[in-house]
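Okay, structure first, notes after.
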Amino acid sequence: MSHETVYAIASGKGGVGKTTTTVNLGTVLAQAGERVAIVDTDLGMANLAGFVSLTPDATTLHDVLAGDVSIEDATYRLADNIVAVPSGTDLDEYAKTSPEGLREAVSELRSTYDYVFLDVGAGVSHETVLPLGLADSVVVISTPEPAAVQDSQKTVELTERAGGDIAGLVITRTHPGSDISYDEIADRLDIPLLGTVPDDPTSRESVCAGTPLVVYDPQSPASDSYRRLAADLSGIEIPTPSSEEETAKSAESTETADSSDPTEPATEPEPETDEQEAAHDDVSSAITEAESEH
Ligand SMILES: Nc1ncnc2c1ncn2[C@@H]1O[C@H](COP(=O)(O)OP(=O)(O)OP(=O)(O)O)[C@@H](O)[C@H]1O
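The sequence shown begins at 1 in full-length UniProt numbering and counts up one residue at a time.
As structure tokens, then:
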């Protein structure tokens, strides 16, 4: 089945779950054997810092957008089938970047990976609008709070101005039993409701552990939501992990077997694997190792 390749994960308001969604959607698809790149286009904010430990002079998207290196030089392997392109934090380096360089970078990634997720900064700026227009499809992220919903309207308008297409809305941090109508929120924004992700304390724990939630606690309700969302966007059947499977959460203190260094720039993405369970183990160990290097 054909699918969109480049997704922008965007929101009007900050802190609503864009990075969490980017990392977890990417990880689910990588576990399913798809080649995935996740890119932090929120320049200067280092949103992926919890998942990729970088030395101060590491190559980042800043260097790519300054025209110094190609995007492949700024990719870091997270696990089987998934690489991350982090943004740097140095503001002097940031000042040298040109968001326009993102065009070529995204086009290069498009030719190498099955899925590219752009984690877009909140607010209104050139570096926010550009990825909305470069993506095949924009996923708008909002919490149910009125202020966040109102700011989502801005993302919808910006996407239209940038000539981008909206896939729909994901409402994060929902509470079971709440009488809020999520369909009504989507209707108000005039975009389809793609799904909801419940408020889940393990989501924050997983960030502290530097591990995607779908690896840290695959049985959690929010992990379920991310698997469903990935299945809906991709058309791929995503299996529910068995409850006996060891998770990063249950094995937090266990030594990991993968000795590869996730801070080394990736060369080519790993070949596809049919062994979803094996890939899953690899995701856990590679990222747990990233955490231990912090
Ligand atoms: N479903 C959830 N349940 C509980 N906490 C969550 C959930 N999703 C995300 N969070 C937490 O909310 C905080 C913000 O999430 P995240 O960093 O993904 O948002 P963001 O939109 O990317 O933020 P920014 O605009 O700063 O880049 C994090 O601490 C994260 O762990």
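Ideal Cβ positions, reconstructed from N, Cα and C, are used throughout, including at glycine.
With a threshold of 6 Å (Cβ to nearest heavy atom), would VAL120 be considered close to ligand 1?
Here residue 120 refers to the residue found at position 120 of the sequence shown. No; taking the cut-off as 6 Å, the Cβ of VAL120 has no heavy atom of ligand 1 nearer than that.
For SER223, count neighbouring C-beta atoms within 10 Å of its own C-beta (all shown protein chains included) and say buried if the count is 16 or more, exposed if not.
Residue mapping note: residue 223 aligns to position 223 of the sequence shown, counting from 1. Label assigned to SER223: buried.
Just mark ASP261 as buried or exposed, buried being the case when its beta carbon has 16 or more other beta carbons within 10 Å.
On the sequence shown, residue 261 is found 261 positions in, with the first residue counted as 1. Confidence in ASP261 is poor, its pLDDT being 47 and thus under 50, which makes the residue's placement too unreliable to answer from.
Spatial neighbours of THR159 within its chain, please: CB distance less than 7 Å, with the 5 preceding and 5 following residues excluded, ordered by chain position.
Taking the sequence shown and counting its residues from 1, one reaches residue 159 at position 159. Only LEU132, VAL138 and ILE166 meet the Cβ criterion.
Which residue comes first and which comes last in the beta strand (DSSP E) that contains residue 295?
In this structure the chain extends from 1 to 294, so residue 295 is not present and cannot be described.
How is LEU54 classed by DSSP in three states: helix, strand or coil?
As a first step, residue 54 is located in the sequence shown; it is residue number 54 there, counting from the start. In the structure shown, LEU54 sits in coil (DSSP, three-state: anything other than H, G, I, E or B).
Among LEU189, HIS175 and PHE117, which has the Cα closest to the Cα of LEU233?
The count along the sequence shown starts at 1 and reaches residue 233 at position 233. Taking only the C-alpha atoms, the option nearest LEU233 is PHE117.
Beta-carbon proximity of THR196 to ILE171, cut-off 7 Å
Position 196 of the sequence shown holds residue 196. Position 171 of the sequence shown holds residue 171. Yes, Cβ-Cβ distance for THR196 and ILE171 is below 7 Å.
Determine the burial state of ALA147: buried for a count of at least 16 other Cβ atoms within 10 Å of its Cβ, exposed for fewer.
Along the sequence shown, read from residue 1 onward, the residue named residue 147 stands at position 147. It is exposed - the Cβ of ALA147 has fewer than 16 other Cβ atoms within 10 Å.
Tell me whether the beta-carbon of ILE238 lies closer than 7 Å to the beta-carbon of ALA32.
For the purposes of this step, residue 238 is taken as residue 238 along the sequence shown, with counting starting at 1. For the purposes of this step, residue 32 is taken as residue 32 along the sequence shown, with counting starting at 1. In contact: ILE238 and ALA32 (Cβ atoms closer than 7 Å).
Bridge partners for ILE171 per DSSP, in chain order?
As a working mapping, residue 171 is identified with position 171 in the sequence shown. Answer is SER142 and THR196, bridged to ILE171.
With a threshold of 8 Å, are at least 3 pairs of Cβ atoms found where one atom belongs to the stretch 56–74 and the other to the stretch 13–32?
no
Bridge partners for ARG77 per DSSP, in chain order?
In the sequence shown, counting from the first residue as 1, residue 77 sits at position 77. The partner list for ARG77 (beta bridge, DSSP) reads VAL83.
Using only the heavy atoms of ligand 1, determine whether one of them is closer than 6 Å to the beta carbon of ALA222.
The sequence position of residue 222 within the sequence shown is 222, counting from 1. It does: the Cβ of ALA222 is within 6 Å (strictly closer) of some heavy atom of ligand 1.
Any heavy atom of ligand 1 inside 6 Å of the beta-carbon of VAL149?
If you number the sequence shown from 1, residue 149 lands on position 149. Checking every heavy atom of ligand 1 against the Cβ of VAL149, none is found closer than 6 Å.
May I ask you to report which of helix, strand or coil DSSP gives THR5?
Locating residue 5 in the sequence shown gives position 5, where the first residue counts as 1. Coil.
CB of TYR94 within 7 Å of CB of GLY44, strictly
As a first step, residue 94 must be located in the sequence shown, where it is residue number 94. As a first step, residue 44 must be located in the sequence shown, where it is residue number 44. Contact flag set, yes.
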